[in-house]
Amino acid sequence: MQTNSAIRSTLIQLIEAELEVDIEQLNLLDDDANLLEAPLFLDSVDLMQLSAACKKAFKLSDLGELSTVTLNTLAEQIITKLTQQKQASLLDTWTDQHSALGEQALLTLIQASKDTEITGTVRVIKDSAPCDIIKSVMILLAHNITPVLCATATTSQDAFSWKDLVITPQHEVVQPGSITQFLQQYSDKTIGFETSGSTGKPQIWQKSIASLHAEAVTFADTFGFGDVDYFCACVDIRHMFGFIWAFMLPLQLGKPVCYELGSTPDLQPIKNKHIAVILTPTMFDFVADQISYQHHYLISSGAPFKGEKEQKLTQLTEQKALSIRAFEVLGSTETGGIGYRPLACNEILFTKFSVVDIYQNAEQKTMIRSPFLVVDCEAFELKDKLVFSSHQQFSHAGRADQIFKYAGKRFSLQSIEKVLTEHFAGLRHKVFFIEDSNNNKGGELVAFVEGLSHTPALQDIRSWFKDLPTPQVHFLSQFPENELGKITLSALQESVHE
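Mapped onto our numbering, the consecutive letters of the sequence shown carry residue numbers 1 to 498.
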């Protein structure tokens with residue numbers, strides 16, 4: 001946006017050139033002097049001519065009526081119109097806090113990159129800004145290289161960014177004519193996504209473009225979003241949830257996206273538009289008070305949306321009389337979306353997505369079949385405990401009982417958690433078994449407890465477990481949470497060693 005002084009300077013030039021006013025007279029002009037009086041004595045015809053010149057110079061569709069006019073009031077009027085015009089215009093296809101990216105510009109960049117040699121079969125993306133991530137991913141796909149998105153930007157020598165390439169821009173784009181068509185050409189190619197690491201060491205899973213597209217289509221069919229003008233995404237597209245909901249879905253719907261990351265996101269970067277907000281429970285705490293009548297949808301995933309957060313959302317919708325449609329989506333990197341439940345209405349049941357099949361196999365394991373699964377996987381064993389009330393609806397009862405083998409014997413993590421619950425009632429705790437072939441017991445059993453004022457003696461801890469293996473218990477004042485609101489093993493271990 002131009003400053004007041006820059007606009008004033010342009011106005012002086014316009015008055016001199018368009019109205020043929022001597023520069024000596026303009027030098028005598030005070031910013032608050034009426035242009036219809038001394039020293040200029042402009043008339044109504046002059047004002048019409050000046051208005052037309054201003055609309056052309058500042059690219060305004062409308063300037064409004066000019067009556068009592070000074071340099072100050074005219075500059076303020078132009079600033080107001082520029083602001084209104086910016087707010088009324090459509091976003092670029094993808095906009096973040098650093099840059100904006102249009103679809104044709106991206107296609108041009110992809111085409112121009114084909115003259116550049118890029119080595120490797122798999123490359124980790126080192127960009128962190130959403131628009132840069134999109135460029136790097138698309139360029140690697142065009143070179144038949146698998147892009148891998150990690151939760152944090154990497155600085156390794158093999159990491160890739162489009163900014164490292166020497167690319168000569170091209171003026172014409174050959175077919176395909178859209179990013180959707182481009183991705184259809186590469187539907188069998190894959191993108192690697194890193195799991196959050198909330199239940200162990202993060203892993204990389206490959207998802208095909210076809211599966212990502214299928215998920216976006218299902219979400220579009222399920223939720224509609226027909227009255228939404230654009231998406232405001234408070235999520236990182238390096239995560240599976242962010243990539244699907246803040247890139248693939250808006251692309252499928254033909255809706256622009258504004259990425260609002262960091263601790264000061266703006267949920268209304270463009271006024272007077274209908275907005276769908278994509279966020280995590282953690283980000284909700286930063287933006288809750290901004291939710292207004294403009295927000296038609298709120299989609300949350302990545303961690304459970306419950307307790308105080310859901311109560312706050314309920315209070316906001318009641319106090320502001322909002323008609324926002326808010327949903328929590330259940331899923332993971334490996335499975336994709338499984339189901340959804342409405343928020344702020346005391347509903348605990350999830351509705352299964354229609355294309356997802358959940359069943360018990362011969363070994364009584366809960367399995368899922370879905371077009372959203374990782375590559376080369378016909379069925380995936382769910383680690384979550386689902387309790388079905390009907391064929392389509394279920395409640396989420398947390399993680400399923402996980403078995404680990406310790407010193408040749410089989411135990412469950414749930415049995416360890418039960419002991420901790422008995423002795424640390426009301427406190428959050430986490431238990432992990434870290435497999436290690438070099439450990440003669442098969443691995444390390446560790447536990448973390450949050451917010452304990454008095455640490456018990458090791459001898460007392462050992463006495464609690466009796467016939468169970470005793471975990472190495474670490475006591476932390478507060479559990480670290482990542483941007484998805486999840487508590488990861490790696491972050492807990494780092495907190496212990498700080």
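Idealized CB from N, CA, C, for every residue including glycine.
| Asked | Found |
| --- | --- |
| Buried or exposed for N482, going by 16 or more other Cβ atoms inside 10 Å? | buried |
| Kindly indicate the opening and closing residues of the alpha helix (DSSP H) around W205. | Note, W205: premise wrong, no alpha helix (DSSP H); beta strand (DSSP E) at 204-208. |
| May I have the straight-line CA-CA distance separating I324 from F286, to the nearest angstrom? | 18 Å |
| To the nearest whole angstrom, what separates the beta carbons of F433 and G426, a pair I think is in contact under 8 Å? | F433 to G426, Cβ: 24 Å. No contact. |
| Would A75 and I7 be called neighbours here (beta carbons separated by less than 7 Å)? | yes |
| Report the option in S263, D31, I78 whose CA atom is closest to the CA atom of A53. | I78 |
| Within its chain, find whatever has a CB closer than 6 Å to the CB of T503; leave out the 5 residues flanking it on each side and keep chain order. | Within the shown structure, residues of the chain are numbered from 1 to 498, placing residue 503 beyond reach of any answer. |
| Do you know whose CA, among I244, H295, T218, N440, lies nearest K352's CA? | T218 |
| In this structure, does DSSP put H474 in helix, strand or coil? | strand |
| Can you tell me where the alpha helix (DSSP H) with E310 in it begins and where it stops? | 308-319 |
| Does the distance from the CB of A457 to the CB of V431 come in under 7 Å? | no |
| Just to confirm my understanding: we take Q360, look at its own chain, exclude 5 residues before and 5 after, and list those with CB closer than 8 Å. What are they? | T366, M367 |
| I think L386 touches F380, with their Cβ atoms under 8 Å apart; what is that distance to the nearest whole Å? | About 13 Å separates the two Cβ atoms, so there is no contact after all. |
| Contact check, V124 vs S156 under 8 Å by CB: the rounded distance? | 7 Å |
| Tell me which residue opens and which closes the alpha helix (DSSP H) that P130 is part of. | 130-142 |
| Going by Cα to Cα distance, which pick from T119, V473, I291 is closest to I416? | V473 |
| Return the bridge partner residues of V217 from the DSSP annotation. | Paired residues: none, contrary to the question. |
| Given a cut-off of 7 Å, decide if F475 and L452 are closer than it, judged by their beta-carbon atoms. | yes |
| Taking only the alpha-carbon atoms, compute the straight-line gap between E18 and K55 and give it to the nearest angstrom. | 13 Å |
| Could you name the residues of the same chain whose beta carbon sits closer than 8 Å to that of I461, not counting the 5 residues immediately before and after it, in chain order? | T470, V473 |
| Check whether the Cβ atoms of E215 and G339 sit closer than 7 Å, and answer yes or no. | no |
| Does DSSP put L468 in a helix, in a strand, or in coil? | coil |
| Look at the Cβ atom of A246, then the Cβ atom of P281, and state whether they are nearer than 7 Å. | no |
| Leaving out five residues on either side along the sequence, give the residues of the same chain with a beta carbon under 8 Å from the beta carbon of V449. | L420, F424, L427, R428, H429, V473, H474, F475, L476 |
| If distances are taken between C-alpha atoms only, which option among D357, A129, L140, F350 comes closest to V329? | F350 |
| Can you give me the C-alpha to C-alpha distance between G224 and V235, rounded to a whole angstrom? | 20 Å |
| Taking the alpha carbon of G331 as the point to measure from, which residue in E318, K320, V356 has its own alpha carbon closest? | V356 |
| What residue from S354, Y259, H296, E20 has the CA that sits closest to H98's CA? | Y259 |
| What whole-angstrom Cβ distance do H213 and M248 have, given they're in contact under 8 Å? | 7 Å |
| Nearest-angstrom Cα distance between I270 and G262? | 18 Å |
| Could you check which residue in K306, L343, I291 has the C-alpha nearest to that of Q319? | I291 |
| Looking only at its own chain, which residues have a Cβ that is under 6 Å from the Cβ of K189, when we skip the five neighbours before and after it? | L141, I209 |
| Quick check: the Cα distance between I403 and N440, rounded to an integer number of angstroms? | 18 Å |
| Using a Cβ-Cβ cut-off of 8 Å (strictly less than) and excluding sequence neighbours within five positions of F243, which residues of its own chain qualify? | L149, I191, F193, L212, I237 |
| Would you say D92 and A129 are within 7 Å of each other, going by their C-beta atoms? | no |
| Looking at C-alpha atoms only, which residue of C131, L47, D467 is the closest neighbour of L106? | C131 |
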